[in-house]
Amino acid sequence: MTTSTPLDRRAVVARLLQDRKNLVAISSLGSATYDLAAAGDHPRNFYLWGAMGGAADIGLGLAIAQPNLPVLVLMGDGEALMGMGAFATIAQQMPKNLSIVILDNGLYGETGAQASHTANATDLAAVAAACGIPETEVIEDEASLAQIAQRINATGEGPAVFVIRIDGAEQPRCLPSRDGVMLKARLRQELGFESM
81 MTTSTPLDRR AVVARLLQDR KNLVAISSLG SATYDLAAAG DHPRNFYLWG
131 AMGGAADIGL GLAIAQPNLP VLVLMGDGEA LMGMGAFATI AQQMPKNLSI
181 VILDNGLYGE TGAQASHTAN ATDLAAVAAA CGIPETEVIE DEASLAQIAQ
231 RINATGEGPA VFVIRIDGAE QPRCLPSRDG VMLKARLRQE LGFESM
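This is the structure we're talking about:
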């Protein structure tokens with residue numbers, strides 16, 4: 081991890097979504113979902129409550145199916161570590177509309193704040209780059225965060241993986257709906273598809 085002061089996770093997610101346009105945001109289970117909901121529930125938010133390690137794969141599927149729609153996957157470092165193989169598959173598919181933001185506090189926050197691999201030697205941006213992701217960056221300051229907030233609303237430049245160094249402070253849980261059928265139907269309706 082870095083020696084600079086990590087960013088506040090809730091402020092980071094709020095800033096990323098502040099100028100949201102038609103972005104679809106998929107959040108992994110745990111804190112990423114709480115942070116996305118705290119930034120404001122939206123019909124283009126798709127919250128995951130399970131399937132740890134699968135958020136990037138779901139984002140990839142949506143990005144391939146909807147190539148003109150910007151897709152954001154918001155996940156923690158634990159989720160990214162569990163699903164690292166997704167980076168290789170994303171690099172094979174090269175969806176130009178997919179951005180992955182990893183909120184990296186170097187902790188497994190949902191299981192007791194044990195140190196994760198990123199607290200030591202594992203560099204998730206380097207892993208993504210080694211898998212073939214063309215754009216990777218570690219974000220540690222507000223100026224870079226503002227650029228990423230603009231970037232995630234664009235299509236035609238991806239895929240990209242941004243690792244944002246956040247603090248490990250526990251935040252109040254903001255729990256969105258856990259009704260997966262409703263969340264799926266809401267997103268489909270928002271994108272102009274019939275409910276299934």
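Residue numbers (our numbering): 81 to 276.
Just so you know, even glycine gets a beta-carbon here, dropped at the ideal spot from N, CA and C.
- prompt: Would you call the CB atoms of V93 and D115 closer than 9 Å?
  reply: At a Cβ-Cβ threshold of 9 Å, V93 and D115 count as neighbours.
message: Rounded to the nearest angstrom, what separates D184 and R100 at their Cα positions?
response: Each residue's alpha carbon lies about 22 Å from the other.
message: Output needed for A226: all residues of its chain with C-beta closer than 8 Å, excluding positions within five of it in sequence on either side, in chain order.
response: Closer than 8 Å at Cβ, skipping near neighbours: R95.
- prompt: What are the boundary residues of the alpha helix (DSSP H) that E222 is part of?
  reply: Segment 222-231, the alpha helix (DSSP H) holding E222.
Sub-9 Å separation of A117 and L271 beta-carbons: Going by C-beta atoms, A117 is not nearer than 9 Å to L271.
- prompt: Comparing alpha-carbon positions, which option in L109, H122, T85 lies nearest N102?
  reply: Relative to N102, the option among L109, H122, T85 whose CA is nearest is H122.
task: Rounded to whole angstroms, what's the CA-CA distance from T202 to G165? Just pull it up for me.
output: One C-alpha to the other measures close to 15 Å.
query: Can you tell which of A112, S111, A119 has its C-alpha closest to the C-alpha of Q98?
result: Checked all of A112, S111, A119; the closest Cα to Q98 is A119.
- request: Could you tell me the distance, in whole angstroms, from the CA atom of A229 to the CA atom of E274?
  value: Using only the alpha carbons, I get a separation of about 30 Å.
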